[in-house]
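Colleague: For the sequence shown, full-length UniProt numbering begins at 1 and goes up steadily by one. Where a beta carbon is used, it is the ideal one built from N, C-alpha and C, also for glycine. Can you keep this structure in mind? I'll have questions shortly.
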Amino acid sequence: MKYLSILFGCSMFLIACGGGDKSTLGSTADTGRLAKASSKTSAAASQSNPAIESEPVNNQIELTANDRMQYSDTLFKVRAGEKVSLKLTNIGKMPKNSMGHNFTLLKTGTDITKFAIEGMKYRDQDYVSPAFKGSVIAHTALIGPGESTQITFVIKNKGYYDFICTFPGHYGSMRGKIIAE
Ligand SMILES: [Cu+2]
1 MKYLSILFGC SMFLIACGGG DKSTLGSTAD TGRLAKASSK TSAAASQSNP
51 AIESEPVNNQ IELTANDRMQ YSDTLFKVRA GEKVSLKLTN IGKMPKNSMG
101 HNFTLLKTGT DITKFAIEGM KYRDQDYVSP AFKGSVIAHT ALIGPGESTQ
151 ITFVIKNKGY YDFICTFPGH YGSMRGKIIA E
């Protein structure tokens with residue numbers, strides 16, 4: 001009985017607290033501070049992301065792509081300034097003209113949506129617009145079912161880099177990041 005009354009007291013306290021918080025949230029100054037604090041927290045969270053921290057540094061990348069518009073992995077960590085060798089295999093069965101895949105690594109700051117949409121018009125250039133060639137660090141050929149392709153490249157500067165498949169409509173799900181450190 002003693003414990004029950006303690007529990008009851010605690011929950012009453014919690015309810016009171018909840019009400020109090022709500023009223024402080026009402027003021028715009030507090031809301032602004034809260035937004036700032038939460039954005040700070042999320043920035044810190046992404047910096048100490050366990051998935052990123054536990055990712056081993058490896059300049060030998062093997063990647064597959066399938067008929068469901070997916071890469072086998074979307075996060076890689078490499079050593080900046082050293083040669084990276086990347087092998088892409090299309091493990092799908094659908095024909096290349098409806099489900100071809102490539103790997104296209106983009107310079108920091110590239111607008112992925114713009115890049116991908118512009119590229120759709122350039123089938124003969126593996127769906128990379130000539131106007132956006134300068135945004136590409138490296139890319140593989142576009143490959144069909146059962147095919148493999150291999151490239152080597154160097155990421156000179158440390159940082160986060162996006163990669164996508166430029167086949168029309170694929171960039172939404174076929175994208176990932178390479179962290180060079
Ligand atoms: Cu693709």
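1. Just to be sure I understand the criterion: a residue counts if its Cβ is closer than 6 Å to at least one heavy atom of ligand 1. Which residues meet that?
2. May I ask which residues mark the beginning and end of the alpha helix (DSSP H) holding Thr113?
3. Per DSSP, Asp162 forms a beta bridge with which residues?
4. Tell me which residue opens and which closes the beta strand (DSSP E) that Asn90 is part of.
5. Give the single residue among Pro168, Thr166, Pro145 and Ser72 whose Cα lies nearest to the Cα of Met94.
6. Determine the DSSP secondary structure at Ile155, reduced to helix, strand or coil.
7. How should Ala51 be labelled, buried or exposed, when 16 other C-beta atoms within 10 angstroms of its C-beta is the threshold for buried?
8. Can you tell me whether Leu86 is buried or exposed, with buried defined as 16 or more other CB within 10 angstroms of its CB?
9. In three-state DSSP terms, what is Glu147?
10. Got a sec, what are the start and stop residues for the beta strand (DSSP E) Glu62 sits in?
11. Do Val84 and Val154 come within 8 Å of each other at the CB atom, strictly closer than that value?
12. If you compare alpha carbons, which of Asp126, Leu142, Met120 and Leu75 is closest to Asp162?
13. Do Ala141 and Asp126 have their C-beta atoms within less than 8 Å of each other?
14. Go ahead and pull the three-state DSSP assignment for Asn103.
15. Between Thr166 and Phe103, what straight-line distance do the alpha-carbon atoms span, to the nearest angstrom?
16. Measuring alpha carbon to alpha carbon, tell me which of Met99, Val57, Gln60 and Pro56 ends up nearest Asn66.
17. Just how far apart, CA to CA, sit Met120 and Val128?
Modeller: From the atom records:
1. Ala65, Met69, His101, Cys165, Phe167, His170 and Met174
2. Ile112 to Gly119
3. Lys177
4. Lys83 to Asn90
5. Pro145
6. coil
7. exposed
8. buried
9. coil
10. Gln60 to Ala65
11. yes
12. Leu75
13. yes
14. In the sequence under discussion, the amino acid at residue 103 is Phe, which differs from the Asn named in the question. Here Phe103 sits in coil by DSSP.
15. 8 Å
16. Met99
17. 7 Å
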